[in-house]
Amino acid sequence: MTGLVTHEKFGCKCMKWHINKNYVASISNGAGAVCAGKLLQHSSGHEQEAYYNYAKSCVNFLLEHMQDDDGFIMDGVGLDSDSINRMKWSYNTGTCLSAICLLYKHDHDEQWVNKAKTLAEAATHRGKFIFDRDYGDWNKRFWWGPSYFIQHLIEGLADYLEIMGDKAPESTRNCCKNEVLRHLSYFRKYCYDQNDGLYFMSFDIYKLSSEIFTRYKDQFGGHKTHDPSHEDRMGGMDNVDVKDRPMCKCLIGAASAARIFFQGARVQAKMDPVDV
5 MTGLVTHEKF GCKCMKWHIN KNYVASISNG AGAVCAGKLL QHSSGHEQEA YYNYAKSCVN
65 FLLEHMQDDD GFIMDGVGLD SDSINRMKWS YNTGTCLSAI CLLYKHDHDE QWVNKAKTLA
125 EAATHRGKFI FDRDYGDWNK RFWWGPSYFI QHLIEGLADY LEIMGDKAPE STRNCCKNEV
185 LRHLSYFRKY CYDQNDGLYF MSFDIYKLSS EIFTRYKDQF GGHKTHDPSH EDRMGGMDNV
245 DVKDRPMCKC LIGAASAARI FFQGARVQAK MDPVDV
């Protein structure tokens, strides 16, 4: 927890993405704060204080400089720049939410309650950026992106429900629970391969196999074309069109699926909890 640097434009402490890269990524600060936050309950004295101060520095950087007006955490910024990369990935909002909840669990500072609420409500609003908004029917709107991103958002929402408890408004709690359960069922329904018991990674199901794409067209009435993702296709075949490469699974996909269901079970320990 000794890697904090001072941002040359903002003047605040933050965590660089990589020691050899002049970029301050939100994920480095969010994941770093989560790590420190989890260590708080297993430490004491000066060590605990160091973890706490580190986590707060990372979270403050995210909330003060990386949070957009819509509530989401943006991707990052150069160490010597104030030109922010405004891309919003689900994992940045998820890790920041987890970190805030862990800080609240430790210090019970009421400031964290509303900050966590803002993130949780952004992440569960189907009219906002991280949902596929190509459908007029909001019941057909789900998070886009790979499972190894979305696992962090589900963890953040599970942390919010578990740690904030009644501090969170009932309406916000219900939205969080509903979205977690919807996405567990969606992931199971479209990304599970019963032939081997493993999961494809992309929540953008029009990017998977032709069979899944047909289900997408039939069940979503979607207008997207089949756009195969290289991440769910065999690697080492650069001379072959992506659509012609065999579908495959990978270790990070299996691990992400396991974490999605592990974190989701903290909300409700049931497979296929709702109809989608």
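Quick note on numbering: the sequence shown equals residues 5 to 280 in my numbering.
Ideal placement from N, C-alpha and C gives every residue a C-beta, glycine not left out.
None of these values were measured; they are calculated from a predicted model.
With C-beta atoms as the reference, is residue i less than 9 Å away from residue j?
i: P277; j: S189; result: yes
i: G7; j: K109; result: no
i: V271; j: C180; result: yes
i: K13; j: S85; result: yes
i: M275; j: F265; result: yes
i: L101; j: Y164; result: yes
i: L66; j: N33; result: yes
i: L202; j: A261; result: yes
i: E51; j: P150; result: no
i: Y152; j: V81; result: no
i: A172; j: K121; result: yes
i: A127; j: E183; result: yes
i: H46; j: D138; result: no
i: I134; j: W147; result: yes
i: I154; j: H129; result: no
i: I158; j: T99; result: no
i: E53; j: C16; result: no
i: L123; j: I77; result: yes
i: P232; j: K221; result: no
Residue i to residue j, Cα distance in whole Å?
i: H230; j: F217; result: 7 Å
i: T10; j: G140; result: 45 Å
i: M205; j: G239; result: 14 Å
i: G160; j: D208; result: 21 Å
i: K132; j: C18; result: 27 Å
i: E114; j: N199; result: 49 Å
i: D197; j: T97; result: 29 Å
i: D170; j: P250; result: 48 Å
i: Y210; j: G36; result: 34 Å
i: D136; j: N64; result: 29 Å
i: M70; j: D79; result: 7 Å
i: K119; j: G75; result: 9 Å
i: V244; j: R237; result: 11 Å
i: S213; j: K253; result: 12 Å
i: H112; j: D242; result: 53 Å
i: M5; j: C62; result: 11 Å
i: R263; j: K193; result: 17 Å
i: N57; j: D279; result: 43 Å
i: G49; j: G225; result: 58 Å
i: I256; j: H22; result: 21 Å
i: R219; j: L185; result: 21 Å
i: D72; j: E125; result: 14 Å
i: A29; j: V117; result: 24 Å
i: F191; j: L83; result: 37 Å
State the start and end residues of the unbroken beta strand (DSSP E) segment that holds residue i.
i: T10; result: 8 to 10
i: I80; result: According to the sequence shown, residue 80 is Gly rather than Ile. Start and end: 80 to 82.
What residue does the alpha helix (DSSP H) around residue i start on, and which one ends it?
i: V28; result: First-last for V28: 27 to 29, but that is the beta strand (DSSP E), not the alpha helix (DSSP H).
i: C62; result: 49 to 65
i: C105; result: 94 to 111
i: K17; result: Unbroken run through K17 is the beta strand (DSSP E), 17 to 19; no alpha helix (DSSP H).
i: A273; result: No alpha helix (DSSP H) contains A273, which DSSP labels as neither H nor E.
i: D163; result: 151 to 163
i: K119; result: 115 to 127
For residue i, would you say it is in contact with chain D, using Cβ-to-Cβ distances shorter than 9 Å as the test?
i: D86; result: As a matter of chain content, chain D is missing from the structure shown, which is built from one protein chain.
Practice prompt. Identify every run of the alpha helix (DSSP H) within the segment 169 to 229, keeping only runs that are complete inside it and at least 4 residues long; order them along the chain.
Written response: 174 to 195, 214 to 224
Fill in: At least three beta-carbon pairs within less than 8 Å, the segment 135 to 150 to the segment 105 to 125
no
Discussion item. Quick check: the segment 40 to 57 against the segment 80 to 97, are at least 3 beta-carbon pairs closer than 8 Å?
Written reply: no
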